[in-house]
Each structure stands twice: as C-alpha cells, then as structure tokens.
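Structure first, then comments.
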Amino acid sequence: MNTSSMDAADRISQLPDHIKHRIFSFLSTPEVVRLSVLSKPWHQVFTSFPISEFSCPSFFTKKSDRSYEFCNFVYKSLLRQCRLYRSIPRFQLSVSTRDLCRPFPYCKFINRCIELSTQKGVKELSIYFCMPLYHRLPEAMLSVKELVVCKLAGCLLKGNVNWPSLRVLSLKKVEICDQSIIDNLIFTCPFIEKLALIECNGLRYLHLSGLRKLKKVKVKSQISPPLEKIEIDVVSLQTFSYSASYKEKTDIDLTSCKNLEVFKYKHGMITEDLIQGLNCNFPALKVLVLHGYRHHIQRIEISIPLLEKLNLSLPDLSAEEAIINAPRLRSFKCYMENIPPLFSLNQTSLQEVALKLSLDLIYFQQRESFREDFMEIIESFNQIKLVTLRFTYYSSSVINKIVSKVSNPVLLDIRHLKLKTYIDGTEKVNVALVDDLFCICRPESLLLVSGCGGNDAFMKILCKKLVRRVKHKNYSAAAHVKCWQRDLKGVKIEHFGRNGYKKVVTCHAFLDSFQILEPKQKIRFVFEW
1 MNTSSMDAAD
11 RISQLPDHIK
21 HRIFSFLSTP
31 EVVRLSVLSK
41 PWHQVFTSFP
51 ISEFSCPSFF
61 TKKSDRSYEF
71 CNFVYKSLLR
81 QCRLYRSIPR
91 FQLSVSTRDL
101 CRPFPYCKFI
111 NRCIELSTQK
121 GVKELSIYFC
131 MPLYHRLPEA
141 MLSVKELVVC
151 KLAGCLLKGN
161 VNWPSLRVLS
171 LKKVEICDQS
181 IIDNLIFTCP
191 FIEKLALIEC
201 NGLRYLHLSG
211 LRKLKKVKVK
221 SQISPPLEKI
231 EIDVVSLQTF
241 SYSASYKEKT
251 DIDLTSCKNL
261 EVFKYKHGMI
271 TEDLIQGLNC
281 NFPALKVLVL
291 HGYRHHIQRI
301 EISIPLLEKL
311 NLSLPDLSAE
321 EAIINAPRLR
331 SFKCYMENIP
341 PLFSLNQTSL
351 QEVALKLSLD
361 LIYFQQRESF
371 REDFMEIIES
381 FNQIKLVTLR
391 FTYYSSSVIN
401 KIVSKVSNPV
411 LLDIRHLKLK
421 TYIDGTEKVN
431 VALVDDLFCI
441 CRPESLLLVS
451 GCGGNDAFMK
461 ILCKKLVRRV
471 KHKNYSAAAH
481 VKCWQRDLKG
491 VKIEHFGRNG
501 YKKVVTCHAF
511 LDSFQILEPK
521 QKIRFVFEW
C-alpha cells in the first residue's frame with residue numbers, strides 16, 4: 001500500500017480531538033481503551049477523554065483482589081480530568097461485593113470519587129451498587145445544579161435533594177428513608193421528563209403533580225411493603241408502565257393524564273373497573289399491555305378508538321365474553337388458557353396477530369362447543385398479514401383433535417406465519433403438528449428461530465417431510481391431513497445469520513447442515529402453492 005492510500009485510510013486520526021471525543025462518547029470504556037493502543041496520538045486522545053465509565057467486572061480477574069488498584073485508578077483518572085476540563089460530561093461507576101472482596105473499607109474512597117465528579121458539574125451520573133447494605137451517597141451529590149441525567153442503584157437516599165436541571169431520573173433498589181424525600185425531589189426537579197422507580201424500599205405511595213414536562217413514568221413495586229397508591233396529575237404524560245409484586249392490588253389514578261398514549265400493567269390484578277377506566281379516560285391511547293391475573297371478570301370489553309397495539313396475557317381468565325373494538329388496531333398479541341365462548345375482534349386495520357395457545361385437554365372435553373368456538377376465532381384472523389402462533393404440548397393435541405374431526409377444514413388466508421413451539425413430546429407429536437398446521441393454512445412463508453423451545457425438532461420433521469413428499473393423485477376426505485403435500489409446488493429455505501448474512505438453500509442442504517445450526521438464527525421457509 002502506498003503512502004497516499006495509507007493517509008486516506010487514516011483520515012479519522014487527523015480529526016480534531018473534540019470530534020474524536022464525540023465519537024468516543026458513543027462507545028463503552030473497554031472499546032475506547034482498545035482504540036487507544038492503536039498509536040500514540042490515539043492514546044493521547046484517550047487520556048484527555050472527559051467521559052468516565054468504570055466497572056469492576058472489566059477490571060478484575062477471578063484469582064486476584066485488586067480492589068485498591070481499582071479505586072486508585074478511578075480516583076487518579078478523575079483527578080487528571082479535573083485538571084484538564086472545566087466539567088465532566090458523564091461519570092458512571094459500577095461496584096458489587098462480587099468484585100470487591102472487602103467493599104466497606106473502600107466506600108469512603110468511592111464517595112471521594114463521586115464528590116470529584118460533582119465538583120466539576122457532571123451532567124450524566126450513573127452509580128450502581130450491589131452490596132448487602134445500601135450505600136449512602138455523599139452530601140455533595142445531593143446538590144448538583146448541572147445534573148441532567150441521574151441513575152442510581154443500591155444506594156441510600158437521605159437528605160434534601162436539589163437537582164434543578166434534572167431531566168431523567170432512575171432509582172433502582174434504592175432505600176428511601178422518608179416519604180418526604182420523594183415529595184421534595186419532585187418539587188426541586190420541575191423539568192423531569194422521564195422517571196423510573198424500580199423496587200425502591202420505603203416507598204408506600206407516589207403522587208406526581210406540577211411536572212409540566214413529564215412524559216414517561218415507569219414503576220416496579222417492591223415485594224414488601226407493597227406500593228399502595230399511585231396518583232399522577234400531569235397532562236403531558238405519554239407513557240405509564242407499572243409492574244406489581246405477585247398479585248398485589250395497587251390503587252392507580254391517572255384520570256388527569258388525558259394525553260396518555262402507552263399504558264403497561266403487569267403482574268397485578270386485572271379488574272373490570274381497570275378496563276372500564278382505560279376505555280373512558282384515555283382517548284389518545286395507542287399501546288395497551290395487560291399482563292395479570294383474573295379478579296372475578298365475567299366480561300372484557302376494550303373499546304378505544306385510537307388503539308394500535310394490544311397485548312393481553314391473562315392465563316387464568318374465566319370470562320364468558322371478550323369484545324375488542326379498536327378500528328385502528330394493527331397488532332394484537334394474546335395469551336389465554338381458556339378462550340371465552342363469545343369472542344369478537346374488530347380487524348379493520350389488523351396486520352399482525354400473535355397467539356399463545358396453552359389449551360387444556362380437560363377444558364376441551366368439558367366444553368362441547370369449544371371446537372366451533374376455536375375455529376371461529378381462528379377464522380376471524382383471516383387475511384392477516386403476519387400471524388404468530390405459540391404451541392405447547394397440550395395445545396398441539398387439542399389442535400389435532402379439532403382438525404381430525406372436521407371433514408372440510410377451512411383454509412385461512414395467512415400470508416406470513418411465525419411459529420414458536422414448546423413441545424417436549426415424541427416425533428409423532430411433531431409430525432401431527434406439521435400436518436395439522438398446513439391443513440388449516442397455506443402460508444407464503446413460515447418463520448422460525450433456531451434454539452427456541454421445540455423449533456429445532458419441528459424444523460427437522462418439516463424438512464424430512466418436504467424432502468420425501470409425494471404428490472397424491474387421488475384425494476379423499478380420510479386423507480385430508482396430507483393434502484398439503486399435493487398442493488405444494490416448490491419450497492426454498494432462507495437462512496438469516498448475523499450481520500445481515502442471508503443464504504438460500506434447499507431442503508437437502510439444510511438437513512445436511514442442521515447439526516451445526518447455531519441458536520437464534522432466523523429460518524424462513526418460502527412456499528409456492
């Protein structure tokens with residue numbers, strides 16, 4: 001390679017330091033360190049890099065205790081940056097007892113590092129502690145006027161907080177000594193846009209008001225004591241996410257949040273009052289996620305005009321009727337063990353459906369009309385662009401019983417099918433599932449992910465059937481399970497790997513390479529009928 005081409009290839013090294021620092025800001029500290037060994041100029045850029053991210057796991061080896069070296073390295077790095085710069089844009093520190101063999105003697109030393117960053121007007125501060133006791137933060141950190149982003153984990157929050165420029169606040173497993181601390185924090189941080197409170201101990205209720213820029217709130221309740229009430233009076237709120245501890249009931253009042261677009265509620269009690277409140281109070285709602293447990297629900301009706309995405313996970317639902325009236329609904333994901341006898345879905349704009357089928361054989365035998373109800377629900381998803389089905393062992397058996405007793409199964413107009421199987425049964429079960437699946441639909445494509453549940457076994461059975469398929473000359477009602485082999489004209493397999501890799505192979509070639517198939521690879525079967 002000549003000199004001119006080498007100069008052209010190394011143009012990035014000729015950039016000013018402030019532009020290189022901007023590039024470094026998108027990389028992790030280990031990646032920046034690797035770049036610094038390329039040459040002396042790159043090493044000089046690294047030593048003057050004003051962003052600091054320190055993590056114990058990337059510093060230690062399993063056989064050595066380098067606690068003092070780690071703390072000393074952090075402290076000296078900050079001192080160097082304090083001499084070079086007026087401010088430190090970002091400081092991140094992650095420490096756990098797994099890394100520091102004797103963590104408590106170094107707590108004061110770590111606090112000195114935090115104080116150094118706060119003295120230089122740090123804008124983004126992330127402190128993660130994983131220790132038997134909560135780490136008490138230094139007093140100097142409670143009053144940083146320039147702080148914009150603050151993320152704390154495993155800390156003790158005590159005293160009056162004053163962060164007037166704060167935009168993003170995340171507290172995870174933080175000990176809140178007094179409820180008034182949160183009230184004071186909200187009062188002194190009027191420009192907060194994103195707030196996350198994850199398993200914070202000592203938090204019994206949450207009241208938010210007066211935050212004109214607040215757009216996103218995420219709350220995950222601690223196990224004990226549980227969060228009793230959440231009240232938010234903020235018109236600008238767009239996203240609310242709540243995860244309860246097991247089956248707890250928390251009073252949630254978001255009546256004033258008329259511009260709410262995303263509502264996620266997980267692991268709590270789903271009541272008729274909750275669903276009715278969603279229908280009446282949030283006209284702008286676009287995304288709704290309900291993952292929970294039943295609470296004497298006889299009827300579910302979701303009627304939200306602007307709703308675009310709906311995700312329901314109600315495993316032990318016993319409702320007799322379910323009505324989904326959302327004319328703009330594009331994506332519907334549902335997991336129910338017991339399908340309501342009366343099920344109605346407005347699919348005017350529906351493009352994507354995902355069903356997790358975990359049906360009980362006993363339930364199937366007890367309800368005489370179940371076969372007709374199930375087929376009616378499946379038929380309601382006709383002409384959907386993408387359908388995802390998740391099969392378990394029992395659900396595949398139920399599908400087999402339904403298909404085997406229908407003389408003329410209805411072919412669903414499903415263009416693209418995505419499958420997730422969780423079947424630990426015999427080869428016979430997978431063979432039956434392949435035949436049953438293509439008995440009720442003729443998709444243009446079938447997508448599976450390798451290493452996911454029982455997908456590998458299903459793909460292997462499907463490939464073997466495709467390799468030795470036979471075109472049937474005579475078709476009778478008794479042979480309807482295998483009629484799909486006669487209708488199939490051709491098939492190709494697309495293998496999607498990492499970094500945009502794509503390879504088209506035949507069924508024979510795919511079977512030959514099946515043993516070396518890596519997990520999490522997307523495999524798409526493209527059919528010509």
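So that you can map any letter, position 435 of the sequence shown is 435 in full-length UniProt numbering, and since no number is skipped, the others follow by simple counting. Backbone N, C-alpha and C define an ideal beta-carbon position, used for all residues, glycine too. The model shown is predicted, which means the values in this text are computed figures rather than measured ones.
Residue i vs residue j beta-carbon contact at 9 Å
i, j, result
"L125", "F91", "yes"
"L214", "I192", "yes"
"A326", "L310", "yes"
"L142", "N162", "yes"
"F240", "G210", "no"
"P305", "R330", "no"
"L157", "I127", "no"
"A196", "K173", "no"
"K258", "V235", "yes"
"I232", "H207", "yes"
"L203", "V217", "no"
"L466", "W529", "no"
"G292", "I270", "yes"
"T255", "N281", "yes"
"N430", "G451", "no"
"I114", "A153", "no"
"L78", "S52", "yes"
"N160", "I181", "yes"
Sequence-distant residues of the same chain with beta carbon closer than 6 Å to residue i, five excluded per side
i, result
"L355", "C334 and L389"
"E297", "At residue 297 the sequence reads Ile, which differs from the Glu that was named. The answer, listed in chain order, is E272 and A319."
"L419", "L389 and L448"
"S445", "H416, R524 and V526"
"L93", "F54 and I127"
Span separating the alpha-carbon of residue i from that of residue j
i, j, result
"F527", "I300", "38 Å"
"E261", "K20", "39 Å"
"Q347", "K503", "35 Å"
"F332", "Q276", "19 Å"
"D456", "G497", "16 Å"
"Q351", "K522", "21 Å"
"F438", "F510", "20 Å"
"E308", "L345", "13 Å"
"D343", "A322", "Checking the sequence shown, residue 343 turns out to be Phe, not Asp. If I take the Cα positions, the gap works out to 5 Å."
"V74", "C107", "13 Å"
"H480", "I493", "Confidence is the limiting factor: at H480 the pLDDT is only 43, short of 50, which leaves the residue's position unreliable and the question unanswerable from this model."
"S245", "Y265", "11 Å"
"N184", "E31", "39 Å"
"D253", "E228", "11 Å"
"V505", "H495", "8 Å"
"R486", "K428", "21 Å"
"F364", "C483", "Low per-residue confidence applies at F364: pLDDT is 46, beneath 50, and the placement is therefore not dependable enough to give any value."
"L361", "D436", "Bear in mind that a pLDDT of 42 at L361, under 50, signals an unreliable position, so the model cannot answer this."
"E518", "Q119", "50 Å"
"K151", "S221", "18 Å"
"V353", "F514", "29 Å"
"M336", "I414", "21 Å"
Nearest-angstrom beta carbon gap, residue j and residue i [assumed within contact, 8 Å]
i, j, result
"S303", "N279", "5 Å"
"C155", "L116", "That belief does not hold up - the Cβ atoms of C155 and L116 are roughly 17 Å apart, past 8 Å."
"V434", "L462", "5 Å"
"V219", "Y242", "5 Å"
"C189", "L169", "7 Å"
"E248", "P226", "5 Å"
Span of the alpha helix (DSSP H) around residue i
i, result
"V467", "N455 to V467"
"F187", "Q179 to T188"
"N111", "C107 to Q119"
"D512", "C507 to D512"
"N279", "E272 to N281"
"residue 536", "Missing from the structure shown is residue 536; the chain here goes from 1 to 529 and no further."
Range of the contiguous beta strand (DSSP E) that encloses residue i
i, result
"A196", "K194 to I198"
"K522", "K522 to E528"
"M336", "S331 to M336"
"residue 549", "A query on residue 549 cannot be resolved here, the shown segment of the chain reaching from 1 to 529 and no further."
"N325", "E321 to N325"
"N311", "K309 to S313"
"L156", "C155 to L157"
"R299", "R299 to S303"
"K266", "V262 to M269"
"E494", "G490 to F496"
Neighbour flag for residue i against chain D, beta carbons, 9 Å
i, result
"E494", "Among the protein chains of the structure shown there is no chain D, as only one such chain exists."
Chain-order list of residues whose beta-carbon lies under 7 Å from that of residue i (same chain, five-residue window excluded)
i, result
"L147", "V122, K123, L125, W163, S165 and L166"
"H508", "V467"
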